[in-house]
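First up is the structure itself, then whatever we jot down about it.
Residue numbers (my numbering): 8 to 298.
What follows is the structure in structure tokens.
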């Protein structure tokens with residue numbers, strides 16, 4: 008089912024399947040979100056929970072047992088229920104089931120809220136551990152944005168501009184697109200800019216850490232664009248489908264990383280996962296402001 012919220016600046020539509028954004032439309036009708044064209048990528052903005060990225064052999068260990076889980080976890084393929092909806096906000100809910108516990112052995116509640124504040128969309132992820140044991144999970148967003156955003160512009164006219172000078176490090180991927188264990192500095196033009204080119208993504212996502220957690224996508228001053236802020240996210244993936252001329256870019260705020268190459272991860276040992284004690288609640292958020 009689709010849910011729509013709106014104010015004077017924008018209209019946002021969300022699908023109950025995966026609680027995934029379907030549209031971010033400005034008041035003048037301009038669409039900012041990628042449309043899910045399967046010729047390039049059928050996703051639009053999947054939610055990555057309870058794991059981000061690939062697991063080695065699609066499995067992990069916990070409590071002396073192994074479990075199978077596909078890439079990016081199962082939230083994106085789960086039907087969420089409606090908690091509450093108003094003109095400018097909607098909250099959707101997912102919780103564990105007998106089926107989910109076969110692949111992820113925890114009892115939990117997971118809510119996703121979308122809230123409009125003028126020209127800003129606030130996305131809130133809230134997880135509650137309903138189990139009697141500590142819960143371990145990864146979490147992230149995967150929104151895709153149209154590039155170009157206006158007529159007369161091309162993909163390579165656009166750049167990502169960080170809000171302040173920074174020296175991010177790139178987490179390097181193996182040939183199998185797993186975490187290789189190696190990192191290198193990622194150079195930014197003038198300490199702030201990443202010009203976009205299609206071949207940037209020929210080896211999958213560029214994964215950054217130690218970056219300024221606010222970044223603007225635009226073709227320069229006076230052009231249409233957006234700003235994504237993720238103050239409590241440790242990583243950002245920048246991606247489109249490899250070896251294509253895809254007309255979008257994903258800006259992906261992540262708490263945690265995928266599996267290491269050749270390692271069947273023990274969730275209780277993976278250093279960057281969130282650990283949540285029984286009956287405790289965890290919340291994280293990111294925002295996108297259109298202009």
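Virtual Cβ for every residue (Gly too), placed ideally from N, Cα, C. Here the structure is a predicted model, which means the values were calculated and not measured.
Should residue 183 go down as buried or exposed, given a rule of 16 or more other Cβ atoms within 10 Å for buried?
exposed
Output the residue ranges of the alpha helix (DSSP H) runs that lie fully inside the segment 31 to 87 and measure 4 residues or longer, sorted by chain position.
none
Do you know how far the Cα of residue 231 is from the Cα of residue 157?
Cα to Cα, the separation comes out at about 7 angstroms.
Take residue 9 and list the residues in its own chain whose beta-carbon comes closer than 8 angstroms to its own, dropping the five residues that flank it on each side.
20, 21, 22, 23 and 29
Within the same chain, show all residues whose beta-carbon is closer than 7 angstroms to that of residue 165, passing over the 5 residues directly before and after it, in chain order.
154, 155, 203, 224, 225 and 226
Touching by the beta-carbon criterion (3+ pairs, under 8 angstroms), the segment 185 to 205 and the segment 278 to 287:
no
Runs of beta strand (DSSP E) lying entirely within the segment 114 to 147, each at least 3 residues, in chain order
Residue ranges of uninterrupted beta strand (DSSP E) with 3 or more members, entirely inside the segment 114 to 147 and ordered along the chain, are 115 to 124, 127 to 136 and 142 to 144.
Is residue 191 helix, strand or coil when you go by DSSP?
strand
Please list, in chain order, all residues of the same chain as residue 291 whose beta carbon is under 6 angstroms from its beta carbon, the five residues on each side excluded.
132 and 239, listed in sequence order.
Measure the C-alpha to C-alpha separation of residue 79 and residue 222 and round it to an integer number of angstroms.
Using only the alpha carbons, I get a separation of about 23 angstroms.
For residue 301, which residues of its own chain have a beta-carbon under 8 angstroms away from its beta-carbon, when the five flanking residues on both sides are left out?
It is not possible to answer for residue 301, since the shown part of the chain is limited to 8 through 298.
Going by DSSP, which residues form a beta bridge with residue 222?
169 and 235
Residue 289 versus residue 117 - alpha carbon distance:
10 angstroms
Between which two residues does the beta strand (DSSP E) containing residue 107 stretch?
Counting along the chain, residue 107 falls outside any beta strand (DSSP E), though it belongs to the alpha helix (DSSP H) covering 105 to 110.
Which value, in whole angstroms, describes the spacing of the CA atoms of residue 44 and residue 255?
10 angstroms
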